[in-house]
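Letter 34 of the sequence shown, counting from 1, is numbered 34 in this note's numbering, and no numbers are missing.
First comes the structure, then the notes that go with it.
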Amino acid sequence: MPDATLNAKGQTTIPKEIRERLGLEAGDKLTFTTLSDGTVVMRAKTGRLLDLAGSLTRPGQPTVSLDEMKPFRS
1 MPDATLNAKG QTTIPKEIRE RLGLEAGDKL TFTTLSDGTV VMRAKTGRLL
51 DLAGSLTRPG QPTVSLDEMK PFRS
């Protein structure tokens, strides 16, 4: 795994290999979680509205097209 260095401002650069593997782009948000054993987990918060399409369907539930949802998207 590649290493990174923390600078005097508390900033670091995520290595290109990691950015590519996670599909990170400029402006993407990251979240950090500290586990009880001291491990820090970084997750990319790259979810987008369209990623959720179809995730709430249930048998017998009427469907709503993406075009019908457009007025509610930001």
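The beta carbon of each residue, even a glycine, is placed where N, CA and C say it ideally should be.
Kindly list the residues whose CB is nearer than 8 Å to the CB of Ala53, restricted to its own chain and excluding five residues on each side of it in sequence; keep chain order. Taking the sequence shown and counting its residues from 1, one reaches residue 53 at position 53. The beta carbon of Ala53 is closer than 8 Å to those of Leu66 in its chain, skipping five residues each way along the sequence.
Out of Thr33, Ala4 and Asp37, which has the shortest C-alpha to C-alpha gap to Ala44? Start at 1 with the first residue of the sequence shown, and residue 44 comes out as number 44. Looking only at Thr33, Ala4 and Asp37, the smallest Cα-Cα distance to Ala44 is reached by Thr33.
Where Ser41 and Pro2 are concerned, what is the direct C-alpha to C-alpha distance, given to the nearest angstrom? Reading the sequence shown from its first residue, position 41 is the one you call residue 41. Reading the sequence shown from its first residue, position 2 is the one you call residue 2. Residue 41 is actually Val in this sequence, not Ser. Whole-angstrom Cα-Cα distance: 16 Å.
Apart from the five residues on each side of it in sequence, which residues of its chain come closer than 6 Å, Cβ to Cβ, to Thr6? The sequence position of residue 6 within the sequence shown is 6, counting from 1. Just to set this straight, residue 6 is Leu in the shown sequence, not Thr. The residues are Thr12.
Contact belief for Ala26 with Pro15 at Cβ below 8 Å, rounded distance in angstroms: Sequence index remark: in the sequence shown, residue 26 carries index 26 (1-based). Sequence index remark: in the sequence shown, residue 15 carries index 15 (1-based). So it is not a contact: roughly 15 Å between Cβ atoms.
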